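Taking this note's numbering, the leading residue of the sequence shown gets 193, the next gets one more, and so forth.
Scroll down for the structure; my scribbles are underneath it.
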Amino acid sequence: ITLLIAGWGIKDRVDYITECYADSLGYDMQVTLNEELPIQEDSAALLTALDPNIRQVTFASTLSVTVSKDGQDSRHVQMIALPEGSEQIRLYGDERQTERIPLTSVSGDGRTLPPFILPRQLAQELDIQVGDTVRVSGTSLRNEKIDREVVVTGIANQYIMASIYTTYDMLDEMGIGRSASTAYLNLYDTEPEALERSQAALTETEDSPVHAAVTVAYMLDYIDSLLVILDTVVVIIVIGAATLAMTVIYN
193 ITLLIAGWGI
203 KDRVDYITEC
213 YADSLGYDMQ
223 VTLNEELPIQ
233 EDSAALLTAL
243 DPNIRQVTFA
253 STLSVTVSKD
263 GQDSRHVQMI
273 ALPEGSEQIR
283 LYGDERQTER
293 IPLTSVSGDG
303 RTLPPFILPR
313 QLAQELDIQV
323 GDTVRVSGTS
333 LRNEKIDREV
343 VVTGIANQYI
353 MASIYTTYDM
363 LDEMGIGRSA
373 STAYLNLYDT
383 EPEALERSQA
393 ALTETEDSPV
403 HAAVTVAYML
413 DYIDSLLVIL
423 DTVVVIIVIG
433 AATLAMTVIY
443 N
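Structure below.
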């Protein structure tokens, strides 16, 4: 009976995680650029000129950093910087997805602090609470050194590809240039045929700055396909548990 309950519990949890991840994404397509572009209107215009279906371009500056607290244990994690108030990534502080954590600056230490939101797993591993000061270090793709103390302004539940989220203002504070090799696109038409046309326009046009374009729908389908294996294992557990239970009951 215990195995039976555990099996269905695992399956429900997997389905829940997938739903939470889908709800956290506020864009339709993610593109990887051939090289970093400065975060400015001219760079966005390079993409919108390729495809009239693009409604909004949001550049995501992505860095690999090391986070530590009090000089103790450290963890490597991805840090993503987005515009102030960005809706392309939705962060929540609770499992029910009701406590929204906005990507906005907060007041603290007598000054305005850029948001610096950690994934809950990282915070638990390093025993970090909101308001704690952590050290962030690393090197940008442009060989700009990062070594700065930062105040944690939020802790969010993240289930897939957990990252630190902040804003462009944090890049300024760290002395990092505002540039990005990734962009999130919001589109006017998100029907399958329109998505295919947008992908072709962005990746097949001569001299396009886009290396690859992946739709959110594809990402979710890919994750679902990976989880099918886990679902199969769960079904086997459930069937095995039921068989074992029947054997015990009737013998």
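Where a beta carbon is used, it is the ideal one built from N, C-alpha and C, also for glycine.
Fair warning: this is a prediction, and the values are worked out from it, not measured in the lab.
According to the DSSP assignment, A252 belongs to the beta strand (DSSP E) that extends over I246 to S260. Per the coordinates, the alpha-carbon of Y410 lies some 32 Å from the alpha-carbon of I368. For T395, the three-state secondary structure derived from DSSP is helix. Note that the C-beta distance between P230 and S332 is not below 7 Å.
Taking a 10 Å sphere around the C-beta of S253, we find 16 or more other C-beta atoms and assign the residue as buried.
For M221, the pairing in a beta bridge is given by DSSP as L377 and T407. Per DSSP, the continuous beta strand (DSSP E) segment holding Y357 begins and ends at I356 to T359. A direct Cα-to-Cα measurement between L363 and Q270 gives close to 14 Å. Comparing alpha-carbon positions, the option among Y357, S256 and V343 lying closest to Q280 turns out to be Y357. The beta-bridge partner set that DSSP reports for Q270 consists of S256. Listed as beta-bridge partners of T331 by DSSP are K337. For L239, the uninterrupted alpha helix (DSSP H) segment begins and ends at E233 to T240.
Counting along the chain, L314 sits inside the alpha helix (DSSP H) bounded by residues R312 to E317. The region 230 to 243 makes contact with the region 397 to 408; the number of CB pairs closer than 8 Å reaches 3 or more. Between the alpha carbons of L295 and F308 lies a distance of about 8 Å. Burial is judged here by how many other beta carbons sit within 10 angstroms of a residue's own beta carbon; A404 has fewer than 16 and is exposed.
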